[in-house]
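Step one of this worksheet: look at the structure below.
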Amino acid sequence: MRKIVIFFGGKSSENEISVLTGVFVLNLIDREKYIPVPVYLHTDGGMYTSGKMSDLNTFRKGGVSGFQRVFFDGGGMYAFTPGKPKIKLLGKPDGALNCCHGGLGEGGGISALMQMNGIPLASPDLTASAVFLDKTMTKLIAKALNIPTAEYIRVNERDYARRGRFLLKNIATRLKYPVVVKPANLGSSIGVVLAGTEEEAEKAIEAGFRLDDRVLIEKYIRGKRDVNCAAYALNGEIYVSEPEEAASGERIYSFADKYLKQDPVASCGKECRSRPGLIVSEETREKIRSYTRTLYKRMNLKGIVRMDFLLSDEGVYLGEVNTVPGSLAYYLFCERVSDAKNLFSDLIDDAISSAAAGEKQVISTGILQTVSVAAKGGMRL
Numbered sequence: 001m002r003k004i005v006i007f008f009g010g011k012s013s014e015n016e017i018s019v020l021t022g023v024f025v026l027n028l029i030d031r032e033k034y035i036p037v038p039v040y041l042h043t044d045g046g047m048y049t050s051g052k053m054s055d056l057n058t059f060r061k062g063g064v065s066g067f068q069r070v071f072f073d074g075g076g077m078y079a080f081t082p083g084k085p086k087i088k089l090l091g092k093p094d095g096a097l098n099c100c101h102g103g104l105g106e107g108g109g110i111s112a113l114m115q116m117n118g119i120p121l122a123s124p125d126l127t128a129s130a131v132f133l134d135k136t137m138t139k140l141i142a143k144a145l146n147i148p149t150a151e152y153i154r155v156n157e158r159d160y161a162r163r164g165r166f167l168l169k170n171i172a173t174r175l176k177y178p179v180v181v182k183p184a185n186l187g188s189s190i191g192v193v194l195a196g197t198e199e200e201a202e203k204a205i206e207a208g209f210r211l212d213d214r215v216l217i218e219k220y221i222r223g224k225r226d227v228n229c230a231a232y233a234l235n236g237e238i239y240v241s242e243p244e245e246a247a248s249g250e251r252i253y254s255f256a257d258k259y260l261k262q263d264p265v266a267s268c269g270k271e272c273r274s275r276p277g278l279i280v281s282e283e284t285r286e287k288i289r290s291y292t293r294t295l296y297k298r299m300n301l302k303g304i305v306r307m308d309f310l311l312s313d314e315g316v317y318l319g320e321v322n323t324v325p326g327s328l329a330y331y332l333f334c335e336r337v338s339d340a341k342n343l344f345s346d347l348i349d350d351a352i353s354s355a356a357a358g359e360k361q362v363i364s365t366g367i368l369q370t371v372s373v374a375a376k377g378g379m380r381l
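Residue numbering for the sequence shown follows full-length UniProt numbering, starting at 1 and increasing by one per position.
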């Protein structure tokens, strides 16, 4: 059977949310086809594995006692004990699935690690992961693809320390209150605040800088509805879900709405809870699905990727692109949790077969044979 690494956790404020997704996938993956190999990225920066990681209670206890520290090299996964010379090869994975939310885990670190080791990944590549973790870069990509986004101002910590008053005045002039303040590189609605006054905006920005070094301030879209739409690809064909409305109404869709008022992994039970449909015109529905397909195709995405939109009387606006959505957004395609097992299997198999068929040649330029040592430091490359 094929060994499939399931990455989750991460040095991120979304670590615990990622644990929920990782444990969900570990319990759902088809064990008649695959040997799942859990790899937990701890907030200490280390990677660990254990046979007990499919039990959520393992992580409620905290710490890494009983876990094996691991690293990857040359396509192999190795266990080691820090400070001791002994290293043990645990095997060579056949593929991997990324369940990390936020931080380097979602932002390209896992993608780069797997690419360096030649391990097929059923998740987006380094470029797309890094771009879409950053909400500002997401807006720039959307603009290039003629996909509307809410008007915004990006503030970095250093500029705010020097010109905070000017930036606050700029917010009032350009965006008008209320505004939405959010860390530029965090998901799960962590740190998202609706600010109705300059004083509230100032507090929200300063709170945002405790989580990130860049903060995004967006114009608040009145009467908005939060809408999700996802896509995945198999055998070169892109499949787009039906849009679904998140039950937030006109207020901000908060961390509590997502994770504290409902079971974030549908209890990992047999049946998926019924979800509300989206009541819109056929034109709006197709626009949302078209934007989703365009982003997926033009950015060469892989795996299940969820796009979050804001819908109002003024139009459809892209909010965020989630390259590792919670529970891998299975619920946008599957009526039952059990159906997701086949979907995840198809995505893993497709990534492995695509990697085998698409391996590219690495050439040698031969330049080292023609350049003398004396020329070191004097060349213009």
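We put the CB at the ideal spot given by N, CA and C, even for glycine.
> Going by the CB atoms, is the gap between residue 90 and residue 75 shorter than 9 Å?
Replying inline: Numbered from its first residue, the sequence shown carries residue 75 at position 75. Numbered from its first residue, the sequence shown carries residue 90 at position 90. No, the pair does not count as a contact, with Cβ atoms beyond the cut-off.
>> Given a cut-off of 9 Å on the beta-carbon distance, is the pair residue 120 and residue 95 in contact?
In response: For the purposes of this step, residue 120 is taken as the residue at position 120 of the sequence shown. For the purposes of this step, residue 95 is taken as the residue at position 95 of the sequence shown. Yes, the Cβ-Cβ distance between residue 120 and residue 95 is below 9 Å.
>> Can you list, in chain order, the residues of its chain with a C-beta nearer than 6 Å to that of residue 242? Leave out the 5 residues immediately preceding and following it.
In response: What you label residue 242 is simply residue 242 of the sequence shown in a count that begins at 1. Beyond the five residues adjoining it in sequence on each side, residue 242 comes within less than 6 Å, by CB distance, of no other residue in the same chain.
>> Quick check: what's the CA-CA separation for residue 1 versus residue 34?
In response: Here residue 1 refers to the residue found at position 1 of the sequence shown. Here residue 34 refers to the residue found at position 34 of the sequence shown. Their Cα atoms are separated by approximately 5 Å.
> DSSP state of residue 216, grouped into three classes?
Replying inline: For the purposes of this step, residue 216 is taken as the residue at position 216 of the sequence shown. Under the three-state reduction of DSSP, residue 216 is assigned to strand.
> Roughly how far, in whole angstroms, is the beta-carbon of residue 219 from the beta-carbon of residue 175, given that I think they are within contact range, below 8 Å?
Replying inline: As a first step, residue 219 must be located in the sequence shown, where it is residue number 219. As a first step, residue 175 must be located in the sequence shown, where it is residue number 175. The distance from the Cβ of residue 219 to that of residue 175 is about 4 Å, consistent with a contact at the 8 Å cut-off.
> For the beta strand (DSSP E) that residue 68 lies in, which residues bound it at each end?
Replying inline: Numbered from 1 along the sequence shown, position 68 holds the residue referred to as residue 68. Looking at the DSSP string, the run of the beta strand (DSSP E) that includes residue 68 is 68 to 73.
> What residue does the alpha helix (DSSP H) around residue 330 start on, and which one ends it?
Replying inline: Within the sequence shown, the letter at position 330 stands for residue 330. Counting along the chain, residue 330 falls outside any alpha helix (DSSP H), and DSSP gives it neither H nor E.
> From residue 367 to residue 360, what does the alpha carbon distance come to, in whole angstroms?
Replying inline: Looking up residue 367 in the sequence shown gives position 367. Looking up residue 360 in the sequence shown gives position 360. If I take the Cα positions, the gap works out to 21 Å.
> At a cut of 8 Å, does the segment 36 to 44 reach the segment 131 to 143 through at least three beta carbon pairs?
Replying inline: Taking 8 Å as the limit for Cβ pairs, the verdict is that the segment 131 to 143 does not touch the segment 36 to 44.
> Going straight from the alpha carbon of residue 302 to that of residue 208, what length do you get?
Replying inline: Counted from its first residue, the sequence shown places residue 302 at position 302. Counted from its first residue, the sequence shown places residue 208 at position 208. Approximately 30 Å between the Cα atoms of the pair.
> Which class does residue 186 belong to by DSSP, given the choice of helix, strand or coil?
Replying inline: Position 186 of the sequence shown holds residue 186. Looking at residue 186 - three-state DSSP - the assignment turns out to be coil, as it is neither helix nor strand.
> From what residue to what residue does the beta strand (DSSP E) around residue 92 run?
Replying inline: For the purposes of this step, residue 92 is taken as residue 92 along the sequence shown, with counting starting at 1. Taken as a continuous stretch (DSSP letters only), residue 92 belongs to no beta strand (DSSP E), as it is neither H nor E.
> Where does residue 57 sit, in a helix, a strand or coil, going by DSSP?
Replying inline: Reading the sequence shown from its first residue, position 57 is the one you call residue 57. Looking at residue 57 - three-state DSSP - the assignment turns out to be helix.
> Can you list, in chain order, the residues of its chain whose CB lies under 7 Å from that of residue 68, leaving out five sequence neighbours each side?
Replying inline: Along the sequence shown, one-based indexing puts residue 68 at 68. Excluding sequence neighbours, residue 68 sits near 48, 49, 50 and 79.
>> So for residue 226, helix, strand or coil by DSSP?
In response: Looking up residue 226 in the sequence shown gives position 226. The answer is strand: DSSP assigns residue 226 an E or B state.
>> Nearest by alpha-carbon distance to residue 229: which of 300, 163, 322 and 236 is it?
In response: By 1-based counting over the sequence shown, the position of residue 229 is 229. Closest in C-alpha terms to residue 229, from the list 300, 163, 322 and 236, comes 322.
> In whole angstroms, what is the alpha-carbon distance linking residue 362 and residue 203?
Replying inline: One-based indexing of the sequence shown puts residue 362 at position 362. One-based indexing of the sequence shown puts residue 203 at position 203. Approximately 51 Å between the Cα atoms of the pair.
> beta strand (DSSP E) containing residue 352: first to last residue?
Replying inline: Here residue 352 is taken as the residue at index 352 of the sequence shown, counted from 1. Residue 352 -> not in any beta strand (DSSP E); alpha helix (DSSP H) instead, spanning 337 to 357.
> Around the Cβ of residue 351, are there at least 16 other Cβ atoms within 10 angstroms (buried) or fewer (exposed)?
Replying inline: Here residue 351 corresponds to residue number 351 of the sequence shown, with the count starting at 1. The residue is buried, with at least 16 neighbouring Cβ atoms inside 10 Å.
>> Our contact map puts residue 111 next to residue 97 with C-beta atoms below 8 Å; I'd like the distance itself, whole angstroms only.
In response: To locate residue 111, count along the sequence shown from 1; it is residue 111. To locate residue 97, count along the sequence shown from 1; it is residue 97. Beta-carbon to beta-carbon, residue 111 and residue 97 are separated by about 12 Å, too far to satisfy the 8 Å threshold.
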